[in-house]
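Below you'll find the structure, written out as structure tokens, and then a few comments.
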Amino acid sequence: MTYIGLNNKAVDSKDAVVSALDHGFLYGMGLFETFRTYGGQPFLLQRHLERLANGCEQLGIPFEPDAGSLREWIQLVMDKNGLSDAYIRYTVTAGEDILGLPSGNYKQPNHLLYIKALPVMPDSLYREGKELQLLNHRRNTPEGPVRLKSLHYMNNILAKRELAGYPSAARGAEGLMLTATGEIAEGIVSNIFYISGDRLYTPDLATGILPGITREMVLELAAAAGLEAEQGFYHWEQLEAADEIFLTNSVQEIVPVTTLWNGDQRVTVGSGRCGERTDFIMKLYRERTGMPE
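1398 is the number that our numbering gives to position 189 of the sequence shown; each next residue is one higher, with no gaps.
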């Protein structure tokens, strides 16, 4: 990316800097949201801003969501980078403060927009699905009552490094983390769902997972897909017995899982292709984006 958004401006990437005393750098006190555009418009922006605002309130970072101004800023940075659609990461850091742990709220946060071209997702991914590798690395517990999409991403990075050691990684597999007590948690960059019979299952937020925006949308779409949604505590063996499995995130949307790996033990999910229920949920989701199939 040639230009980065910094505090409502678009600046050359080499000039997009924040202070070494920014508590986002010193202590990981900052949050971010990742989302994408459809037809140049950020999708579910208001929901992302609400999650960001709730997180900032917990961290004592002043933040007033303003979707209109943010849309204008996103368009500016997209234009400067010559993009009509984009992958967007909006970051809010705590801003500069003392060297030490403050007891009060922050006063002057920094806002950054990282914008790049959308990754190319082949149609075959949504028909043939991807592989899911069970990891030994466990999901850590959130620092507060609910996991925030914070700048502290070491747990995910360590999981990604473990995944790189499996042959499935070369085929684009996602890695799945369990909780410390062995329940299904989430992928490195995704939430997980599975279907058995007429029920749609996904881990409860009490497992310490991120409350994903796409996850939230899928739960809302379940009834229209003829499924009763349930959030709870599940184990790997229930995934192995599932009719269909899929992953969600804001950029890749809904991706079917057609192969499970536990070490070198392989299990094919359903027919080995995208299941009918998953395909229908994908269609419902894309209708919400306003984009044609």
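We put the beta carbon where it would ideally sit given N, CA and C, even for glycine.
Just so it is clear, the structure is predicted and the values come from calculations on it, not from any experiment.
Beta-bridge annotation (DSSP): glutamine 1284 is not paired with any residue.
Of the candidates Arg1408, Gly1406, Gly1396 and Ile1422, the residue whose Cα lies closest to the Cα of threonine 1416 is Gly1396. Under the 8 angstroms Cβ criterion, the segment 1331-1347 counts as touching the segment 1384-1401, having at least three qualifying pairs.
Leaving aside the five residues that flank glutamine 1461 on each side, the residues in its chain whose CB is nearer than 7 angstroms to its CB run, in chain order, Met1330. Listed in chain order, the beta strand (DSSP E) elements of length 3 or more contained wholly in the segment 1425-1461 are 1437-1441 and 1453-1458. Annotation: the continuous alpha helix (DSSP H) that includes leucine 1235 extends over 1232-1236. In this structure, leucine 1215 keeps its C-beta atom at 8 angstroms or more from the C-beta atom of leucine 1292. Our two residues, leucine 1240 and serine 1377, have alpha carbons roughly 31 angstroms apart in a direct line. Counting the other CB atoms within 10 Å of its CB gives lysine 1339 a total of 16 or more, which places it among the buried residues. Under the 10 Å beta carbon count, proline 1465 is surrounded by 16 or more other beta carbons and is classified as buried. Within 10 angstroms of the beta-carbon of isoleucine 1366 lie fewer than 16 other beta-carbons, which makes it exposed. With fewer than 16 neighbouring CB atoms inside 10 Å of its own CB, valine 1226 falls in the exposed class. Under the criterion of beta carbons closer than 8 angstroms, proline 1311 and phenylalanine 1272 do not qualify as touching, at roughly 17 angstroms. Contact between threonine 1467 and glutamate 1337 holds: their C-beta atoms lie close to 6 angstroms from each other, under 8 angstroms.
DSSP places serine 1405 within a strand segment (E or B) once states are collapsed to three. In chain order, Val1427, Leu1430, Ala1434 and Ile1463 place their CB closer than 7 angstroms to the CB of isoleucine 1490, counting only its own chain and leaving out the 5 sequence neighbours on each side.
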